[in-house]
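Novice: Before I ask anything, here is the structure I am working with.
As structure tokens, this is what we get:
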């Protein structure tokens, strides 16, 4: 079954993200790892005053978070693990995903506060992870995924890149709409029809093409009109300068959408 990594700052907001993860994927047979990270600056040694107390607070905070999760959801048949680590969140998540065979990272976000797992920190994880990352706006009162909008960038999609999306759709019974946005700068479009048919076998799906020079607004506009529950995009690796001066569509959508966003690594 699935192993889900849930970064947490021990707040009520991150608890809500954990609750959403259980609601979406169920508890039976799944593993949920609660991850708390902090900067190593000035706290990497037990000789530093206050470091030991801080470690105890983190340990107790994770234990309390797990206790609250179990009190609010039936976790029968699930494994709940706790993990503490030093270092930037995006680096810790990347390493943990590799070492612990993580299938999906689930993060809650609210606004762009620099002191919690929101805004750019969430986006950094999305763009740096080698596993799928699901961003869930914690302002949602309930999470039900019945309609998924996937943004097709017109480039060839290799085998298995869409597997996480297909797994989610099968588990929730969701319908997938594939959206290709044709812009004035678009080059020849790869025909991914066979890739979609193969990945989405047994899943209700359809394709739509829109002409627009604003990729982000086209995605979000259609999502609103169609009552979409979740947006999914592929994150393509790009040269450093292009990433710096022309942020990827996945980053733009993650920052501005109030819908859950699933970013699939390519």
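Residue numbers (this note's numbering): 1 to 266. Ideal Cβ placement from N, Cα and C applies to all residues, glycine included.
1) Checking 9 Å against the spacing of the C-beta atoms, do residue 7 and residue 140 come in under that value?
2) Near residue 83, what residues of its chain come up, given a Cβ to Cβ distance below 6 Å and the 5 sequence neighbours on each side ignored?
3) Would you give the residue range spanned by the beta strand (DSSP E) that residue 32 belongs to?
4) Name the one or two DSSP bridge partners that residue 106 has.
5) I'd like the span of the beta strand (DSSP E) that includes residue 7, first residue to last.
6) My output table needs one value for residue 54: the three-state DSSP class, helix, strand or coil.
7) Give every residue of the same chain whose Cβ lies closer than 6 Å to the Cβ of residue 218, excluding the five residues on either side of it in the sequence, and list them in chain order.
8) How is residue 101 classed by DSSP in three states: helix, strand or coil?
9) I'd like to know whether the C-beta atoms of residue 77 and residue 29 end up nearer to each other than 9 Å.
10) Check residue 94 in the structure and name its three-state DSSP category.
11) In terms of alpha-carbon separation, which member of 142, 137, 197 lies closest to residue 166?
12) Whose C-beta lies closer than 8 Å to the C-beta of residue 101 among residues of the same chain, with five residues either side of it excluded?
13) Are the CB atoms of residue 148 and residue 175 within a distance shorter than 9 Å?
14) Find out if the Cβ-Cβ distance for the pair residue 81, residue 27 is shorter than 9 Å.
15) In three-state terms, what does DSSP make of residue 83?
16) Grab me the residues of residue 133's own chain with a C-beta within less than 7 Å of its C-beta, minus the 5 sequence neighbours each way, in chain order.
17) In three-state DSSP terms, what is residue 207?
18) How would you label residue 216, buried or exposed, when you count the other beta carbons within 10 angstroms and need 16 or more for buried?
19) Classify residue 59 as helix, strand or coil using the three-state DSSP reduction.
20) With distances taken between CB atoms, is the gap from residue 129 to residue 178 smaller than 9 Å?
21) In angstroms with no decimal places, state the Cα-to-Cα distance between residue 85 and residue 5.
22) Among the residues of its own chain, which have a CB less than 6 Å from the CB of residue 75, if the five just before and after it don't count?
23) So, with DSSP's three-state summary, where would you put residue 162?
24) Taking Cβ positions, are residue 103 and residue 145 nearer each other than 9 Å?
25) Just verifying my parser: in three-state terms, what is the DSSP assignment at residue 215?
26) So who's on the other strand from residue 265, going by DSSP bridges?
Specialist: Let's see:
1) Against a cut-off of 9 Å, the Cβ pair of residue 140 and residue 7 comes out as no contact.
2) Within the same chain, residue 83 has close Cβ partners 33, 35.
3) Residues 31 to 38.
4) In the DSSP output, where bridge partners are listed per residue, residue 106 has 134.
5) Looking at the DSSP string, the run of the beta strand (DSSP E) that includes residue 7 is 3 to 7.
6) Correct three-state label for residue 54: helix.
7) If we look at residue 218 and ignore the five residues flanking it on each side, its Cβ neighbours are 181, 210, 212.
8) The answer is coil: DSSP assigns residue 101 none of H, G, I, E or B.
9) Judged by beta-carbon spacing, residue 29 lies within the 9 Å limit of residue 77, meaning their Cβ atoms are closer than that value.
10) Three-state DSSP puts residue 94 in a helix.
11) Nearest C-alpha to residue 166: 197.
12) Apart from the 5 residues on each side of it in sequence, residue 101 sits with its Cβ closer than 8 Å to the Cβ of 3 in its chain, given in chain order.
13) Result yes, Cβ atoms of residue 175 and residue 148 sit closer than 9 Å.
14) Going by C-beta atoms, residue 81 is not nearer than 9 Å to residue 27.
15) Here residue 83 carries a strand assignment [DSSP, helix/strand/coil].
16) Taken in chain order, the residues that qualify are 105, 107, 125, 126, 263.
17) In this structure, residue 207 counts as strand in the three-state DSSP scheme.
18) So residue 216 ends up on the buried side.
19) Assigned with DSSP and collapsed to three states, residue 59 falls in helix.
20) Result no, Cβ atoms of residue 129 and residue 178 do not sit closer than 9 Å.
21) The straight-line gap from Cα to Cα measures roughly 13 Å.
22) Once the five neighbours on either side are set aside, the close Cβ partners of residue 75 are 27.
23) Coil at residue 162, not helix or strand.
24) In this structure, residue 145 does not lie closer than 9 Å to residue 103 by Cβ.
25) Three-state result, residue 215: helix.
26) According to DSSP, residue 265 bridges with 235.
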